[in-house]
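In this text, residue positions in the sequence shown follow our numbering: the first is 38, and each later residue adds one. Below: one structure, written as structure tokens.
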Amino acid sequence: VPRVFLTASSTSPEADALTLTPYLASMRWAAHAYIGSIGAAVNVQVAGFLGNLAILLAAAAACSWDVSHDYSILVYLMKTFSGDQLAGKLDTAEWKLVLLFTFGLFGPSLWLLEGS
38 VPRVFLTASS
48 TSPEADALTL
58 TPYLASMRWA
68 AHAYIGSIGA
78 AVNVQVAGFL
88 GNLAILLAAA
98 AACSWDVSHD
108 YSILVYLMKT
118 FSGDQLAGKL
128 DTAEWKLVLL
138 FTFGLFGPSL
148 WLLEGS
């Protein structure tokens with residue numbers, strides 16, 4: 038393994054780009070971990086419909102914050118929910134709202150904001 042991948046921090050920006058240091062320092066990992074962990078809770082309806090909406094609104098806020106770095110979270114959501122829609126896995130109102138958010142609000146609003 039090249040030493041640059043194991044280095045926690047360095048003085049070279051090129052070397053830092055190959056480590057997890059910038060990602061960890063940006064705190065994006067916290068938003069990504071949250072977004073990746075809520076699916077099971079929403080699927081089993083632990084918090085009920087209103088609780089699920091609150092969980093998903095917090096995820097939408099995390100997504101909105103994350104796109105200040107890059108659009109990878111939008112690409113992830115589009116990939117995930119287009120496949121889930123095609124497979125018929127969006128069987129609850131909550132997941133259908135997430136699909137609407139991803140393709141009807143989040144993606145189009147970023148596209149419009151990028152053009153302005």
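The beta carbon of each residue, even a glycine, is placed where N, CA and C say it ideally should be. A quick note: this is a predicted structure, and the numbers were derived from the prediction, not measured.
Is residue i near the ligand ATP - that is, is its Cβ less than 6 Å away from at least one heavy atom of it?
i	result
G141	As far as ligands go, the structure on display features none, and thus does not contain the ligand ATP.
By the 10 Å Cβ neighbour count, where 16 or more other Cβ atoms means buried, how is residue i classified, buried or exposed?
i	result
W66	exposed
L114	buried
V135	buried
A68	buried
D107	exposed
F86	exposed
To the nearest angstrom, how far is it from the Cα of residue i to the Cα of residue j?
i	j	result
A124	I75	20 Å
L127	I72	17 Å
T56	W148	30 Å
S146	A78	28 Å
L94	V112	19 Å
G144	Y60	23 Å
L150	K133	24 Å
A84	A70	19 Å
In chain order, what residues of the same chain have a beta carbon less than 7 Å from the beta carbon of residue i, not counting five sequence neighbours either side?
i	result
V38	Reliability of the predicted coordinates at V38 is poor, the pLDDT of 49 falling under 50, and the value obtained from them is presented with this limitation in mind. Closer than 7 Å at Cβ, skipping near neighbours: no residue.
I110	C100, D103, V104
Note down, in chain order, each residue of its chain lying with its Cβ closer than 8 Å to the Cβ of residue i, except the 5 sequence neighbours on either side.
i	result
S63	H106
Under 6 Å Cβ to Cβ from residue i, same chain only, skipping five residues before and after it: list those, please.
i	result
D121	L127
F118	L136, T139
Closest to residue i by CA distance: which of the options is it?
i	options	result
L90	A99, V104, A130	A130
A97	F138, F118, A84	F138
7 Å is my cut-off, CB to CB: does residue i come that close to chain D?
i	result
I72	Chain labels in this structure do not include chain D; a single protein chain is all it has.
Please list the segments of the alpha helix (DSSP H) lying wholly inside the stretch 57-131, counting only runs of 4 or more residues, in order along the chain. 58-63, 65-74, 76-80, 85-103, 109-123
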